[in-house]
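Residue numbers (the working numbering), protein chains in the order written: chain A, 1 to 187; chain B, 1001 to 1187. In what follows, a structure is listed as structure tokens, so that the remarks can point back to it.
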């Protein structure tokens, strides 16, 4: 399973690709940061991010796209641009019928460092160690994109198994209710 | 000049087309509201909005796209979806090299009702009157999309003239400074 992780942004948009294997084995494939000039118009910036993501989807053909979930507790102006960038990333994936999953920054940090409150440095150090890189990916957006992909590879199966177990439980409960109702009708 | 106005949203996205003429003459062309199911996945919803906007751009060939500027003072969840929808709208326009302009809700309200604090009902009533429609466009998102297009047609030239005047003033000031500097060098 190959995951393309995206840390969305207009000034810097981190993109990283990681392959998953058996268990927790992961392999680094590629990473880069797309930059768009702050003085360019918003539509042009979104187009540049979109084009870059499309090129990466074509070049690396991931199975899933993992995107950082944007929150709005920070600077409003920045958050709006980030949300718009994440929208065009999700759109590019949807156009290719690729599943898109969103992970919160704390989920990502917890997945790679064990703590949802880890700082950028810790995330960078763990991404470097996990992927056996020779140096810390820079800027932090690059490390974050790889961390997102790792997070998805490690959390994804758990979430999927949980969803499956819940579906089975619901199915069993439904069958049980049906049997009860049938028994009542026979009485 | 033909303007396509978009009141971005995932649950309801208003799209309206208005033609401008001499002075303040405007003509209604079309209006609709794109809806996406609340239980669908975000990427699917963004794709539906994007596809609808692309169809409208192809069908009506506007000269400019006017989009409501999103603020984040409201419900965070809704605002993020709205920002993402506005991002894919801006992207669709940028892909066609169409200019995209953003107008704030209060600019739009002020343009059509004279007050930046007008309510939805007032905006609907004025849009109906300005475009000489037989009934108020419903839901409010449809009226808002038309109001955005009208706002751009009425404000656009003023903003453009203002920007031009400012550019000329800056040019004159620069030339004046250059002359002063040249005069000083000769002294």
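The beta carbon of each residue, even a glycine, is placed where N, CA and C say it ideally should be.
- Distance from the CA atom of residue 1083 of chain B to the CA atom of residue 1022 of chain B, rounded to whole angstroms, is 34 Å.
- The residue among B/1110, B/1062, B/1127 and B/1011 with its C-alpha nearest the C-alpha of residue 1100 of chain B is B/1062.
- Boundaries for residue 111 of chain A: no beta strand (DSSP E) harbours it, while the alpha helix (DSSP H) harbouring it runs 105-113, taken from the DSSP string.
- In the three-state reduction of the DSSP assignment, residue 1070 of chain B falls in the coil class, being assigned neither a helical nor a strand state.
- When 7 Å is used as the limit between beta carbons, residue 1122 of chain B is near no residue of chain A, the shortest such separation being about 27 Å.
- Around the beta-carbon of residue 1068 of chain B, 16 or more other beta-carbon atoms lie within 10 Å, marking it buried.
- For residue 1087 of chain B, the nearest beta carbon of chain A is closer than 7 Å to its own beta carbon.
- Using a CB distance below 8 Å, the part of the segment 1027-1061 of chain B facing chain A consists of 1041, 1042, 1043, 1044, 1046, 1047 and 1050, ordered along the chain.
- Boundaries for residue 1025 of chain B: no alpha helix (DSSP H) harbours it, and the DSSP string shows neither H nor E there.
- Close to residue 1094 of chain B, with beta-carbon spacing below 7 Å, are these residues of chain A in chain order: 43, 44, 46 and 47.
- Between the beta-carbon of residue 65 of chain A and that of residue 137 of chain A there is about 19 Å, and that puts the pair past the 8 Å contact cut.
- For residue 124 of chain A, the enclosing alpha helix (DSSP H) covers residues 120-130.
- Under the 8 Å Cβ criterion, the segment 1023-1042 of chain B does not count as touching the segment 1169-1186 of chain B, having fewer than three qualifying pairs.
- Relative to the Cα of residue 34 of chain A, the nearest Cα in the group A/24, A/132, A/89 and A/19 belongs to A/89.
- If you look at residue 2 of chain A, you'll find it in the beta strand (DSSP E) that goes 2-7.
- Comparing alpha-carbon positions, the option among B/1018, B/1051, B/1060 and B/1079 lying closest to residue 1009 of chain B turns out to be B/1079.
- Sequence-distant partners of residue 1128 of chain B (beyond 5 residues in either direction) whose C-beta falls short of 6 Å from its own C-beta, in its chain, are 1136.
- Of the residues A/144, A/130, A/111 and A/116, the one whose Cα lies closest to the Cα of residue 14 of chain A is A/144.
- The residue among B/1154, B/1155, B/1046 and B/1123 with its C-alpha nearest the C-alpha of residue 1142 of chain B is B/1123.
- Of the residues assessed, residue 37 of chain A falls on the exposed side of the cut-off, its CB having fewer than 16 other CB atoms within 10 angstroms.
- Here residue 117 of chain A is exposed: its Cβ has fewer than 16 other Cβ atoms, across all protein chains shown, within 10 Å.
- Residues of chain A whose Cβ lies closer than 7 Å to the Cβ of residue 1145 of chain B do not exist; the shortest such Cβ separation is about 18 Å.
- In this structure, A/139 is the residue among A/58, A/155, A/87 and A/139 with its C-alpha nearest to the C-alpha of residue 121 of chain A.
- The alpha carbon of residue 18 of chain A has as its nearest neighbour, out of A/184, A/153 and A/185, the alpha carbon of A/153.
- Residue 1113 of chain B sits close to residue 1126 of chain B, with the two beta carbons spaced by under 7 Å.
- Residue contact check for residue 172 of chain A against chain B: no CB pair falls below 7 Å.
- The distance from the Cβ of residue 1056 of chain B to that of residue 1091 of chain B is about 14 Å, inconsistent with a contact at the 8 Å cut-off.
- Residue contact check for residue 1070 of chain B against chain A: a CB pair falls below 7 Å.
- Put simply, the CB of residue 1169 of chain B is far from chain A, with every gap to its CB atoms at 7 Å or more.
- At a C-beta separation below 8 Å, residue 1100 of chain B has these neighbours in chain A: 41, 42 and 43.
- Residue 1107 of chain B and residue 1147 of chain B have their alpha carbons spaced roughly 10 Å apart.
- Going by DSSP, residue 63 of chain A is part of no alpha helix (DSSP H) at all; its letter is neither H nor E.
- Interface residue (Cβ-Cβ distance to chain A less than 7 Å): residue 1090 of chain B is classified as such.
- Going by DSSP, residue 16 of chain A is part of the beta strand (DSSP E) stretching over 12-20.
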